[in-house]
Amino acid sequence: MKLVTAAQMSSIEQASVDAGVSLDDLMENAGLAVAEYVLGSCLDPDRGGSPFGKRIVILIGPGNNGADGFVAGRHLANAGAAVTVVLCTGRNTPDPKHELAETAGVSTLDATTEPGGELLAEKLAATDLVIDAVLGTGASRPISDPLSSLLFSVLEVAIPVVALDLPTGLDSDTGQFDVAGLPAGVTLHLGYPKLGPAIAAGSAPTGEGVTLDIGIPFGLDSHIKTELLTSDLAKSLQPDRPADGHKGTFGSTLIIGGSQHYLGAVTMAVDAATRSGVGLAFAATPEPAYRLIAGHVPEAIYRSLPVSASGEVEPSASVRTVLELVERVNSIVIGPGLGHTPANSEFLSTLLSQIDDEMPLVLDADALNILSKSHKWWERLENPAILTPHPAEMGRLMGISAAEVQQDRGSVALEAAGKFGKVVVLKGAATLIAAPDGRLMVSPWVNSGLAKGGSGDVLAGLIGGLLAQQPENVFEMASLAVFVHGYAAEAARDELGETGMRATDISDRLGYFSR
46 MKLVTAAQMS
56 SIEQASVDAG
66 VSLDDLMENA
76 GLAVAEYVLG
86 SCLDPDRGGS
96 PFGKRIVILI
106 GPGNNGADGF
116 VAGRHLANAG
126 AAVTVVLCTG
136 RNTPDPKHEL
146 AETAGVSTLD
156 ATTEPGGELL
166 AEKLAATDLV
176 IDAVLGTGAS
186 RPISDPLSSL
196 LFSVLEVAIP
206 VVALDLPTGL
216 DSDTGQFDVA
226 GLPAGVTLHL
236 GYPKLGPAIA
246 AGSAPTGEGV
256 TLDIGIPFGL
266 DSHIKTELLT
276 SDLAKSLQPD
286 RPADGHKGTF
296 GSTLIIGGSQ
306 HYLGAVTMAV
316 DAATRSGVGL
326 AFAATPEPAY
336 RLIAGHVPEA
346 IYRSLPVSAS
356 GEVEPSASVR
366 TVLELVERVN
376 SIVIGPGLGH
386 TPANSEFLST
396 LLSQIDDEMP
406 LVLDADALNI
416 LSKSHKWWER
426 LENPAILTPH
436 PAEMGRLMGI
446 SAAEVQQDRG
456 SVALEAAGKF
466 GKVVVLKGAA
476 TLIAAPDGRL
486 MVSPWVNSGL
496 AKGGSGDVLA
506 GLIGGLLAQQ
516 PENVFEMASL
526 AVFVHGYAAE
536 AARDELGETG
546 MRATDISDRL
556 GYFSR
């Protein structure tokens with residue numbers, strides 16, 4: 046499912062005009078689709094109940110979103126609803142869509158000229174449904190009075206709100222929501238769902254999202270590189286499993302990580318790898334950790350990394366040990382529980398300089414923290430790689446704060462992927478997967494049960510296992526892993542709840558999606 050920015054939606058609309066579908070046609074189609082949805086789904090208590098006597102207020106803004114609202118109001122009035130349009134801002138006159146709506150029996154309240162808002166308050170107190178057609182994708186600056194006061198008056202009476210395209214105050218590209226905005230219980234995406242609500246799915250006040258067909262000709266979205274990960278898309282990415290396959294058919298992955306302080310990380314990563322369908326999973330971990338965790342995942346093959354007298358990884362000897370294993374694997378995961386000591390920094394830099402440039406890598410956790418301190422590390426790393434930062438790690442890699450990352454997650458992920466020339470998995474609610482060529486996948490999963498230690502280790506191991514099976518499809522395997530990981534987490538939440546579920550519960554359910 047394609048996701049669009051405001052600019053991309055405008056370009057698609059212009060392409061529609063060029064293809065013979067006018068903007069007026071699109072507005073008429075949009076308004077009719079909105080009215081049909083409202084008539085069929087929003088007239089509680091019996092969904093799809095009779096519109097007669099239902100009182101609907103439509104908040105009208107200055108642009109095409111407002112015009113869509115007028116068209117919807119006209120059709121709702123023709124169906125028997127009592128419709129009032131509230132002019133929230135000034136509009137150009139004459140306004141044919143407004144005039145047609147009034148001809149159909151729609152009444153008008155001009156909130157821009159009403160002192161105190163008493164008439165609006167009376168109207169809202171007797172209203173069954175509010176349709177927000179104020180700004181749509183046009184929110185580009187903070188909302189101020191008098192609009193902010195008007196929107197607050199709607200909030201005060203707790204009426205169900207249906208938003209056209211986007212709730213007023215929600216940025217279509219970043220998902221940032223204005224404090225004075227109007228949350229919606231249902232958001233009707235006109236033509237295409239918008240990027241902002243998808244990447245801010247954990248906080249965007251959109252309610253249920255529904256995409257309506259407004260008659261855009263087929264094929265005009267071929268240039269759009271952003272998609273919402275769906276079950277069908279994820280299934281199409283799954284590696285083949287021939288019935289006569291053997292361990293070698295399904296590849297091998299190596300997990301490098303673990304330390305005296307983080308014993309569980311490499312275990313969870315290896316366990317997840319073994320549940321990915323990979324033929325073999327190897328684990329290389331420092332000797333002190335090896336003695337404690339070797340065999341915890343019986344399907345894995347363990348190797349110890351030599352350490353110095355102080356217990357730190359001995360860089361040169363450890364690199365030699367890893368290079369012996371590298372010849373047997375198809376992907377390498379580096380970082381879970383590794384720690385970012387000077388010895389580990391030397392180990393990582395030496396290892397990356399000696400691994401074959403064709404070997405696909407997954408760089409996670411402390412591997413990213415080490416790289417963030419290395420000047421222009423990406424210019425020395427030619428390997429295809431997947432970086433798996435959380436917002437703080439992404440901030441360190443990009444030289445910005447975690448808060449700045451969160452303000453525009455999509456742009457930051459794409460900028461990082463382009464700058465580093467690597468696939469970036471920006472973890473969080475609605476995890477993002479960005480490719481250097483501008484592709485962006487958005488995970489549908491929002492689950493606070495994932496916000497626990499170890500869930501990232503599980504994801505890293507899963508990515509490594511899938512990447513070993515299709516090392517040529519780096520972006521696709523990262524996307525598949527994110528979806529499967531989220532799917533398993535949903536299953537864990539359903540069974541155990543967000544509070545009680547653990548990272549190992551996610552790993553235990555990684556096979557559910559491919560059943």
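According to the working numbering, the stretch in the sequence shown is residues 46 to 560, in order. Heads up, the beta-carbon is just placed ideally off N, CA and C, and yes, glycines get one too. Here the structure is a predicted model, which is why all the values come from computation and not from measurement.
- Cβ neighbours of ALA64 within its own chain (closer than 6 Å, five residues either side excluded): PRO262.
- By the criterion of a C-beta distance shorter than 6 Å, GLU543 is surrounded in its chain by SER493 and GLY494, once the five residues flanking it on both sides are discounted.
- A residue is called buried when at least 16 other Cβ atoms come within 10 angstroms of its Cβ; ALA243 meets this threshold and is buried.
- The beta carbons of ILE301 and ALA326 sit no closer together than 9 Å.
- For secondary structure counted as the beta strand (DSSP E) over 3 or more consecutive residues, the region 350 to 414 holds these complete runs in sequence order: 376 to 379 and 406 to 408.
- In the DSSP assignment, LYS47 forms a beta bridge with GLU272.
- Apart from the 5 residues on each side of it in sequence, LEU169 sits with its Cβ closer than 7 Å to the Cβ of VAL102, SER198, VAL199, VAL202 and ILE204 in its chain, given in chain order.
- Only residues of its own chain outside the window of five on either side were considered, and among them VAL131, LEU154, ALA156, GLU159, LEU195 and SER198 have a CB closer than 8 Å to the CB of LEU165, listed in chain order.
- Inter-segment contact for the region 173 to 184 and the region 105 to 112 is present: three or more beta-carbon pairs are separated by less than 8 Å.
- For GLY254, there is no enclosing alpha helix (DSSP H); the enclosing beta strand (DSSP E) covers residues 253 to 257.
- Annotated three-state conformation of ASP155 is strand, per DSSP.
- For the pair PRO284 and THR294, the Cα-to-Cα distance works out to about 11 Å.
- Between the region 307 to 323 and the region 376 to 386, the count of C-beta pairs closer than 8 Å reaches three or more; the two stretches touch.
- Going by DSSP, LEU541 is part of the alpha helix (DSSP H) stretching over 519 to 545.
- Note that the C-beta distance between GLY241 and ASP216 is below 9 Å.
- Nearest to GLY230 by C-alpha distance, out of ALA461, ASP289, ARG538 and GLY252, is GLY252.
- THR298 has ALA326 and SER376 as its beta-bridge partners, per DSSP.
- LEU477 is bridged by DSSP to LEU471 and VAL487.
- The beta carbon of ALA410 sits closer than 6 Å to the beta carbons of GLY380 and PRO381 from its chain, once the five residues preceding and following it are set aside; these are given in chain order.
- The criterion of a C-beta distance shorter than 9 Å is satisfied by LYS418 and SER390.
- In this structure, DSSP gives HIS291 a state outside helix and strand, which the three-state scheme calls coil.
- Shortest Cα-Cα distance from ALA536 to any of PHE558, ASN518 and HIS420 involves PHE558.
- For HIS120, the secondary structure class from DSSP, reduced to helix, strand or coil, is helix.
- Spatial neighbours of PRO333 in its own chain (CB-CB distance under 6 Å, excluding positions within 5 residues in sequence) are listed in chain order as GLN305 and GLY356.
- Straight across, the Cα-Cα distance linking LEU426 with LEU413 is about 13 Å.
- Close CB contacts of SER361 within its chain, under the 8 Å cut and outside five residues either way in sequence, are with THR395 (chain order).
- A direct Cα-Cα distance of roughly 10 Å separates ALA462 from ARG484.
- With 16 or more other CB atoms across the displayed protein chains lying within 10 angstroms of its CB, VAL470 is buried.
- In this chain, the beta strand (DSSP E) harbouring HIS234 covers 231 to 235.
- ILE508: member of the alpha helix (DSSP H) spanning 500 to 514, first to last residue.
- Counted as a single uninterrupted DSSP element, the stretch harbouring ASP210 is not any beta strand (DSSP E), since DSSP gives it neither H nor E.
- Of LYS239, THR213, ARG136 and THR298, the smallest CA-CA separation from VAL175 is found for THR213.
- Under the DSSP assignment, ASP177 falls in the beta strand (DSSP E) whose first and last residues are 174 to 178.
- In the DSSP assignment, VAL66 falls outside any alpha helix (DSSP H), carrying neither H nor E.
- Beta-bridge pairing by DSSP links PHE222 to LEU215.
- Look at LEU459 here: in three-state DSSP terms it is helix.
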